[in-house]
Amino acid sequence: MKLLVTGGAGYVGSVCAAHLAEAGHEVVVLDDLSTGHRDAVPDGARFVEGNLAEIAGTVLGEGGFDGVLHFAARSLVGESVVHPELYWDNNVVAALRLLEAMREHDVPRIVFSSTAATYGEAEQVPILESSPTRPTNPYGASKLAIDMMLTSYATAYGLAATSLRYFNVAGAHGRYGERHTVETHLIPIVLQVASGHRESVAIYGDDWPTPDGTCVRDYIHVEDLAEAHALALANAAPGRHSIYNLGSGQGFSVKEVVEACREVTGHPIPSAVAPRRAGDPAVLIASSAAAAAALGWQPTRTDIRTIVGDAWRFTQDRLPV
Ligand code: UDP
Numbered sequence: 063m064k065l066l067v068t069g070g071a072g073y074v075g076s077v078c079a080a081h082l083a084e085a086g087h088e089v090v091v092l093d094d095l096s097t098g099h100r101d102a103v104p105d106g107a108r109f110v111e112g113n114l115a116e117i118a119g120t121v122l123g124e125g126g127f128d129g130v131l132h133f134a135a136r137s138l139v140g141e142s143v144v145h146p147e148l149y150w151d152n153n154v155v156a157a158l159r160l161l162e163a164m165r166e167h168d169v170p171r172i173v174f175s176s177t178a179a180t181y182g183e184a185e186q187v188p189i190l191e192s193s194p195t196r197p198t199n200p201y202g203a204s205k206l207a208i209d210m211m212l213t214s215y216a217t218a219y220g221l222a223a224t225s226l227r228y229f230n231v232a233g234a235h236g237r238y239g240e241r242h243t244v245e246t247h248l249i250p251i252v253l254q255v256a257s258g259h260r261e262s263v264a265i266y267g268d269d270w271p272t273p274d275g276t277c278v279r280d281y282i283h284v285e286d287l288a289e290a291h292a293l294a295l296a297n298a299a300p301g302r303h304s305i306y307n308l309g310s311g312q313g314f315s316v317k318e319v320v321e322a323c324r325e326v327t328g329h330p331i332p333s334a335v336a337p338r339r340a341g342d343p344a345v346l347i348a349s350s351a352a353a354a355a356a357l358g359w360q361p362t363r364t365d366i367r368t369i370v371g372d373a374w375r376f377t378q379d380r381l382p383v
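Position 11 of the sequence shown, counted from 1, bears residue number 73 in this note's numbering, the numbering being contiguous throughout.
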């Protein structure tokens, strides 16, 4: 297939673009490099630098596209609270421009990078796709708005759409991995301590209602995620908008993640308990039963040491210890 990958110079987008190119698809990456990296665009993909909302029509206008994988977005919860306009503009308005360009140029299918943040505080775990969607920040709200947009385009225009709601993405795929200018995610932060680029890790609260008092999350390997995107693309049906949660179905506490990082790196990784972070739910665990049933998707890299190990290899390649 000829595929447009928006945000293909970012973390999840570059790994998915690499998988698709390796599988023989013709891949065009569109990215404004605001948070992505030019050298993360996979070999074998054509790169177009530019603003999605402005040039989606031009890029798709060259014709022949079979589908879009849409990753380009702002994705920092804290930033979304302080600057919501960035999220309504870069996420929601840009997605509308993209969908209109797809409609104009007869591009039949889209796989969208949605998020567990669309659910907000979970009433029950594991979280099903039928759980209430009550996002607690503009980031989650912007992604939910796009999910709703996709439902309406599937109904009105026969678009084949799939939203994949990721839980905590981690790990790496060879030279494609996580490198944010401002790092807020647990595993990369812990590995920065192991590589000597940070003194210690702050554990945001040890008085949560969980077995060891620290927050529990469902970590999903980015390669398992990439496989889900390929399956979603293959299973898309005109006029249908499908939504699937993607997680490993297992929860690991912050302390368990830090301990796994100690085992993998051999570094003592000093840690200190800090106040809770605003907006953090105690436990987030996915039910991915729907993706298993409909797509035949099964995550295979669910051991937290495998996930951390791949992230550590990536970190070491980039930041010599
Ligand atoms: N966390 C932490 N210290 C950090 C970064 C994160 O204790 O320096 C915790 C955070 O409170 C959450 C978990 O680690 O419970 C995962 O956070 P992350 O930001 O990686 O992902 P999120 O769950 O927010 O999407």
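Ideal Cβ positions, reconstructed from N, Cα and C, are used throughout, including at glycine.
For Ala-308, name the three-state secondary structure that DSSP assigns.
-> The question names Ala, but residue 308 is Leu in the sequence shown. Reduced to three states, the DSSP call for Leu-308 is strand.
Buried/exposed call for Tyr-219, threshold 16 Cβ in 10 Å | exposed
Indicate, with yes or no, if the ligand UDP has a heavy atom lying under 7 angstroms from the CB of Ile-384.
-> In the structure as shown, the chain starts at 63 and stops at 383, and residue 384 therefore has no counterpart that could be examined.
Beta carbon nearer than 6 angstroms to a non-hydrogen atom of the ligand UDP = The answer, residue by residue, is Asn-230, Thr-246, His-247, Leu-248, Ile-251, Val-263, Ala-264, Ile-265, Tyr-266, Cys-277, Arg-279, Val-316, Arg-339, Asp-342.
Identify whether Arg-159 lies in helix, strand or coil by the three-state DSSP scheme.
-> helix
Alpha-carbon spacing of Arg-302 relative to Val-110, whole angstroms | 29 angstroms
By DSSP, does Val-383 sit in helix, in strand, or in coil?
-> Any reading at Val-383 needs caution, since the residue's pLDDT is 44, under 50, leaving its predicted position unreliable; the model's value is listed next. Reduced to three states, the DSSP call for Val-383 is coil.
For the alpha helix (DSSP H) that contains Arg-324, what are its first and last residues?
-> Per DSSP, the unbroken alpha helix (DSSP H) holding Arg-324 starts and ends at 316-327.
Are the segment 285-294 and the segment 255-268 in contact at 8 angstroms, needing three or more beta carbon pairs?
-> no
How long is the line joining the alpha carbons of Pro-361 and Gly-75, rounded to whole angstroms?
-> 18 angstroms
Nearest to Ala-85 (by Cα), restricted to the options Pro-194, Lys-64, Ser-204, Asp-269 | Lys-64
Which term fits Asp-168, buried or exposed, when burial requires 16 or more other beta carbons within 10 angstroms of its beta carbon?
-> exposed
So which of Ser-333, Tyr-215, Thr-243, Ala-184 has the shortest CA-CA distance to Val-255?
-> Ser-333
N- and C-terminal bounds of the alpha helix (DSSP H) containing Gly-75 | From DSSP, the alpha helix (DSSP H) with Gly-75 extends over 73-84.
Through-space distance from Arg-367 to Thr-327, alpha-carbon basis = Rounded to whole angstroms, Thr-327 to Arg-367 spans 10 angstroms at the Cα level.
Helix, strand or coil: which one does DSSP assign to Asn-199?
-> Coil.
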